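Residues in the sequence shown are numbered consecutively from 1, following UniProt numbering.
Every residue gets a Cβ at the ideal spot worked out from N, C-alpha and C, and that includes glycine.
Since this is a predicted model, take the numbers as computed values, not measurements.
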Amino acid sequence: MFLADCQARLAFDLLAPTWNAVVVCALRHGPRRPGELRAEIGGISPKVLTETLRRLEANGLVARRAYAEAPPRVEYELTELGQTLLGPIQAVGKWAVDHAEDVLAAQDRWEESLETFS
Numbered sequence: 001m002f003l004a005d006c007q008a009r010l011a012f013d014l015l016a017p018t019w020n021a022v023v024v025c026a027l028r029h030g031p032r033r034p035g036e037l038r039a040e041i042g043g044i045s046p047k048v049l050t051e052t053l054r055r056l057e058a059n060g061l062v063a064r065r066a067y068a069e070a071p072p073r074v075e076y077e078l079t080e081l082g083q084t085l086l087g088p089i090q091a092v093g094k095w096a097v098d099h100a101e102d103v104l105a106a107q108d109r110w111e112e113s114l115e116t117f118s
């Protein structure tokens with residue numbers, strides 16, 4: 001069963017938001033500033049990146065380091081806990097590469113079946 005307090009659901013909830021896994025992967029090589037992350041990821045707005053980083057920080061996966069400089073500088077990096085999530089994310093990514101064509105074909109078949117009933 002996947003009850004509300006199920007530990008497996010906790011893991012699924014960590015991976016569910018669209019950008020969580022992408023940001024975790026982008027941080028795999030060490031600390032990054034927000035601008036560096038946006039450039040590496042592409043397609044993520046500053047607002048969504050900030051929300052994602054805060055969510056990951058709240059879950060103990062990312063650490064934020066602010067430097068007392070002018071102008072202010074902030075970096076984010078994976079915690080030890082966050083690094084443990086890289087393996088599962090990479091496994092899901094490999095699954096996606098291995099099965100993307102199958103999923104896309106199934107989606108096409110589904111769309112065609114809907115058109116038949118329209």
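Out of the options, point me to the one whose CA is closest to residue i's CA.
i     : options                      : result
GLU77 : HIS29, GLU115, VAL22, ARG109 : HIS29
GLN83 : GLU69, ALA70, GLY60          : GLY60
ILE44 : VAL92, GLU80, PRO31, ALA26   : ALA26
LEU15 : ALA91, ALA68, GLU36, GLU69   : ALA91
THR79 : ALA68, ASP98, ALA58, GLY93   : ALA58
Thinking C-beta only, is residue j closer than 8 angstroms to residue i?
i      : j     : result
LEU86  : VAL24 : yes
ARG109 : GLU75 : no
ARG38  : PRO31 : no
ARG55  : PRO88 : no
What whole-angstrom Cβ distance do residue i and residue j have, given they're in contact under 8 angstroms?
i     : j     : result
ALA63 : PRO72 : About 17 angstroms separates the two Cβ atoms, so there is no contact after all.
THR50 : TRP19 : Not confirmed; about 11 angstroms, so no contact.
Any idea which residues DSSP pairs residue i with across the strands?
i     : result
GLU77 : ALA63
Handout entry: Start-end ranges of the alpha helix (DSSP H) lying completely within the stretch 8-74, minimum 4 residues
Key = 20-26, 34-41, 46-58
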